[in-house]
Amino acid sequence: NAGVMQNPRHLVRRRGQEARLRCSPMKGHSHVYWYRQLPEEGLKFMVYLQKENIIDESGMPKERFSAEFPKEGPSILRIQQVVRGDSAAYFCASSPLTGMTEAFFGQGTRLTVV
Amino acid sequence: AQSVTQLGSHVSVSEGALVLLRCNYSSSVPPYLFWYVQYPNQGLQLLLKYTSAATLVKGINGFEAEFKKSETSFHLTKPSAHMSDAAEYFCAVSPRGGSNYKLTFGKGTLLTVNP
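Read top to bottom, the protein sequences are chains D and E. Using our numbering, read the first sequence as starting at 314 and increasing by one per residue. Using our numbering, read the second sequence as starting at 42 and increasing by one per residue.
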């Protein structure tokens with residue numbers, strides 16, 4: 314059973330471009346969570362999704378950020394018109410039921426905006 | 042709102058010495074508690090978690106943590122440090138109720154192990 318797969322592992326974007334981060338949950342997991350790790354800080358919750366539904370996006374910036382988890386395929390975190398402050402590590406976690414007690418994290422995508 | 046404080050952003054120990062990483066939390070009711078380890082440019086790996094019952098929790102790689110409600114603490118220990126333990130360690134909490142998917146993390150403690 315493969316773990317939570319995130320790709321790409323490293324992503325470089327110029328200011329103003331779009332960034333798409335992908336997360337394939339573990340087999341049998343239908344709950345996906347995205348967290349962001351800014352330099353020198355701990356991780357912060359961004360969004361919680363189930364298949365085709367956004368359950369809680371209270372941690373998402375109001376503009377430029379969106380997330381989806383379609384019926385088929387990976388969850389996508391999309392950042393439009395990236396700015397330098399978006400440079401961070403973005404981690405995805407998945408679980409078979411709601412909650413983090415049985416969740417596993419992926420290796421993360423490190424986004425650098427130049 | 043929940044919060045987590047990790048005392049000491051950087052802890053340095055000698056190989057074979059005791060490792061003690063401190064974590065205090067603030068929560069209106071006892072939460073779920075977690076310790077994660079992050080190696081350079083890697084993801085988060087769960088070391089251990091406290092969900093209920095036993096207050097002394099054993100995890101992987103010889104680590105353990107004790108939940109002390111009276112002190113609102115969940116300190117991480119390992120009797121004898123190994124070079125491979127060098128990494129960053131994060132303490133985290135989540136509520137037991139409806140928002141149990143929202144982890145609140147501390148800022149992390151970087152552990153250095155000296156030969």
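Note that the Cβ used here is the ideal one computed from N, Cα and C, for glycine as well.
| Item | Value |
| --- | --- |
| Cβ-based burial, residue 407/D [other Cβ within 10 Å; buried from 16] | buried |
| Euclidean distance between Cα positions of residue 315/D and residue 344/D | 16 angstroms |
| Cβ neighbours of residue 326/D in the same chain (closer than 6 angstroms, five flanking residues each side left out) | 332, 395, 426 |
| Pairwise C-alpha distance: residue 403/D and residue 352/D | 11 angstroms |
| Near-chain E residues of the segment 355-384 of chain D (beta-carbon distance less than 9 angstroms), N- to C-terminal order | 355, 356, 357, 358, 361, 368, 369, 371, 372 |
| Within-7 angstroms CB hit, residue 141/E to chain D | yes |
| CB contact flag (residue 418/D, residue 151/E, <7 angstroms) | no |
| Cβ-based contacts, 9 angstroms cut-off: residues of the segment 411-426 of chain D near chain E | 411, 412, 413, 414, 416, 417, 418, 419, 420, 421, 423 |
| Spatially closest choice to residue 83/E from 330/D, 350/D, 357/D, 359/D, by CA coordinates | 350/D |
| The segment 379-394 of chain D contacting the segment 62-69 of chain E, beta-carbon criterion three pairs below 8 angstroms | no |
| Same chain only: Cβ atoms within 6 angstroms of residue 360/D, ignoring 5 sequence neighbours per side | 347, 370, 373, 380 |
| Neighbour list for residue 83/E in chain D, Cβ cutoff strictly below 7 angstroms | 420 |
| CA-to-CA distance, residue 391/D to residue 89/E, given in whole angstroms | 32 angstroms |
| Residue 413/D in three-state terms, based on DSSP | coil |
| Burial state of residue 413/D, where buried means 16 or more other Cβ atoms lie within 10 Å | buried |
| Expected contact under 8 angstroms - CB spacing of residue 137/E and residue 73/E to nearest Å | 6 angstroms |
| Reduced DSSP category for residue 125/E - H, G, I as helix; E, B as strand; rest coil | helix |
| Against chain D: residues of the segment 67-96 of chain E by CB proximity under 8 angstroms | 73, 75, 77, 82, 83, 84, 85, 86, 87, 90, 92 |
| Interface flag, residue 151/E vs chain D, CB-CB below 7 angstroms | no |
| C-beta neighbour in chain E for residue 346/D, strict 7 angstroms | yes |
| Three-state class that DSSP yields for residue 82/E in the structure shown | coil |
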